[in-house]
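One structure is given here, and the rest of the page talks about it.
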Amino acid sequence: MNPGRLRTGAAALLTAVAATACGSPAEPVPGEEAATVSPGQQVWCAGSGPAVVLVNGIGDGASARQWLDVHRELADRARVCRYDRPGTGDSAAPGRAGRGAEELDAELDAVVRHAAGADDVVLVAHSFGGYLARIHADRHPERVAGLVLVDALDPSVGVVRGTGAEDLGSVPMAGERLDLGDLERAAASVDALPGDPPVVVLRRGQGSSPAWDAGQAALAALSARSRTVEVDAGHQIPSEDPEAVVAAVHEVLEETG
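So that you can map any letter, position 115 of the sequence shown is 115 in our numbering, and since no number is skipped, the others follow by simple counting.
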């Protein structure tokens, strides 16, 4: 591994997070409905059809707003929901620190139930959100029909290296008050997804590193029904190339029927 290239990739990730935080708000998705699911957690849904849930990354710029372009394009074919975890975007701050895999999986489960009811769901996860999608698909295989992992973080890279922080205590995570160690261990314990659901791995073609590329290969190995697509974009694929995300979701929806 070339440490210089890894630092470059991490710096690009942090720069992208900052840019997202500074971006101007986009127009809301036509017909979207806002709701509060679980204490203080905001969710926005639009469209009808199979359920799709969009899962954010981590950091000061990570919020449901990053998905607006993707959400708008998908809502003519599916019931799509995006959400702000407690401490991010428009959601209230969490009540306590040290929130780990159990809490965040329960929060995602509340969104999935709001989006899909008793039906299956396709999870679309960016960056750190890949941890949450991976954990949820392992714990609820009967409900997760497929996944799109958008330049998602793999535990082989880890949150510290993935963000360029010095240690877990200095990882930028807005006001989420997370137990990142617990989340990382929970994600690392999932080395194969039950039932081999269809998975599309979207990996960035700009500003990557050998370690990050190896992590993307590890994500593809989670399912025997995976496919990897390199996107001509940096880490912020949802805003840089939303069409690539939309195409990947359509592919998974076609496969899940």
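All C-beta atoms in this analysis are idealised placements derived from N, C-alpha and C, irrespective of residue type, glycine included.
Fair warning: this is a prediction, and the values are worked out from it, not measured in the lab.
Collapsed DSSP secondary structure at residue i in the structure displayed
i: R99; result: strand
i: E243; result: helix
i: G31; result: coil
i: A248; result: helix
i: H114; result: helix
i: A224; result: coil
i: E254; result: helix
i: G23; result: A caution first: G23 carries a pLDDT of 39, below 50, which makes its placement in the model unreliable, though a value can still be read off. The answer is coil: DSSP assigns G23 none of H, G, I, E or B.
i: A106; result: helix
Under 7 Å between C-beta atoms of residue i and residue j
i: L219; j: V201; result: yes
i: V112; j: P198; result: no
i: D84; j: D90; result: yes
i: H157; j: A211; result: According to the sequence provided, residue 157 is Val. The question's His does not apply to it. Yes, the pair counts as a contact, with Cβ atoms nearer than the cut-off.
i: A115; j: V53; result: yes
i: R82; j: W67; result: yes
i: D151; j: H235; result: yes
i: G100; j: D182; result: yes
The beta strand (DSSP E) enclosing residue i, as first and last residue numbers
i: L147; result: 144-150
i: V157; result: Taken as a continuous stretch (DSSP letters only), V157 belongs to no beta strand (DSSP E), as it is neither H nor E.
i: A125; result: 121-126
Opening and closing residue of the alpha helix (DSSP H) in which residue i lies
i: A136; result: Inspection of the sequence shows that residue 136 is occupied by His rather than by Ala. Counting along the chain, the alpha helix (DSSP H) containing H136 begins and ends at 129-139.
Exercise for the section: Check whether the segment 137-147 touches the segment 25-41, taking contact to mean three or more Cβ pairs, one atom from each stretch, closer than 8 Å. Expected result: no
Exercise for the section: Mind listing, in chain order, the continuous alpha helix (DSSP H) runs of no fewer than 4 residues lying wholly within the segment 179-214? Expected result: Taking only runs of at least 4 residues, the alpha helix (DSSP H) segments lying wholly in the segment 179-214 are 180-188.
Handout entry: Continuous alpha helix (DSSP H) assignments of at least 4 residues falling wholly in the segment 34-94
Key = 68-74
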